[in-house]
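**Student:** Structure below; questions to follow.
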Amino acid sequence: MNIPKTPSAVLACAALLASSNMLAAAGENFDAEAKYQATCFACHGTGAAHSPEVGDVIEWEIRLEKGLDTLVQNTIDGLNGIMPRRGLCVDCSDEDLRAIVEYMLESSK
Ligand code: HEC
Numbered sequence: 002m003n004i005p006k007t008p009s010a011v012l013a014c015a016a017l018l019a020s021s022n023m024l025a026a027a028g029e030n031f032d033a034e035a036k037y038q039a040t041c042f043a044c045h046g047t048g049a050a051h052s053p054e055v056g057d058v059i060e061w062e063i064r065l066e067k068g069l070d071t072l073v074q075n076t077i078d079g080l081n082g083i084m085p086r087r088g089l090c091v092d093c094s095d096e097d098l099r100a101i102v103e104y105m106l107e108s109s110k
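Our numbering puts the first residue of the sequence shown at 2, with every later residue one more than the last.
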């Protein structure tokens with residue numbers, strides 16, 4: 002794995018270590034907010050690359066009309082060549098990504 006030495010990659014590694022200690026089970030021990038800050042925030046907290054910003058109620062209301070499953074699937078697969086596959090989170094399981102998307106939606110009400 003070729004991980005660039007960016008702060009977010011360092012955080013991602015720290016989280017990976019922490020979660021593997023706890024059996025890496027998605028869900029209970031996964032800190033969606035911390036992971037969002039470490040990986041997704043670079044785009045979704047700033048609107049970089051025309052990302053839908055977390056906190057933009059209308060934007061996320063419209064996106065949620067596709068259904069949560071579609072939003073999660075588009076996170077996993079990437080979207081339109083500008084939303085990167087898995088949001089660049091190298092150690093997120095599908096369940097982790099779902100938890101982050103739920104966190105993002107929850108923060109955009
Ligand atoms: C490099 C910038 C970038 C990063 C990093 C990023 N995103 Fe995105 N994301 C985008 C852009 C741009 C779009 C809008 C794509 C479009 O609508 O064409 C998007 C769209 C989305 C959507 C909406 C999908 C839909 O169907 O409308 C979700 C959900 C999402 N991102 C989740 C995440 C999560 C979770 C992470 C972190 C694990 C993440 N993104 C990291 C740029 C990014």
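Built from N, CA and C at the ideal position, the CB exists for glycine as well. Small disclaimer: the values here were computed from a predicted structure and weren't measured.
#1: Ligand 1 and residue 98: does any heavy atom of the ligand fall closer than 7 angstroms to the residue's C-beta?
#2: Taking residue 83 as part of the alpha helix (DSSP H), name the residues at either end of that continuous run.
#3: Relative to the C-alpha of residue 70, which candidate in 38, 106, 32 and 56 has its C-alpha closest?
#4: For a minimum of 3 consecutive residues, which ranges assigned as the beta strand (DSSP E) are wholly contained in the segment 37–63?
#5: The alpha helix (DSSP H) with residue 102 in it runs from where to where?
#6: Enumerate in chain order the residues of its own chain whose CB-to-CB distance from residue 102 is below 8 angstroms, with the five nearest sequence positions on each side excluded.
#7: In terms of residues, what are the limits of the alpha helix (DSSP H) holding residue 78?
#8: Among the residues of its own chain, which have a CB less than 6 angstroms from the CB of residue 41, if the five just before and after it don't count?
**Tutor:** Let me spell this out:
#1: yes
#2: That residue, residue 83, is in no alpha helix (DSSP H); it is neither H nor E in DSSP.
#3: 106
#4: With a minimum length of 3 residues, no continuous beta strand (DSSP E) run stays inside the segment 37–63.
#5: 95–107
#6: 69, 72, 73 and 76
#7: Here the alpha helix (DSSP H) through residue 78 covers 69–78.
#8: Hits under 6 angstroms: 88.
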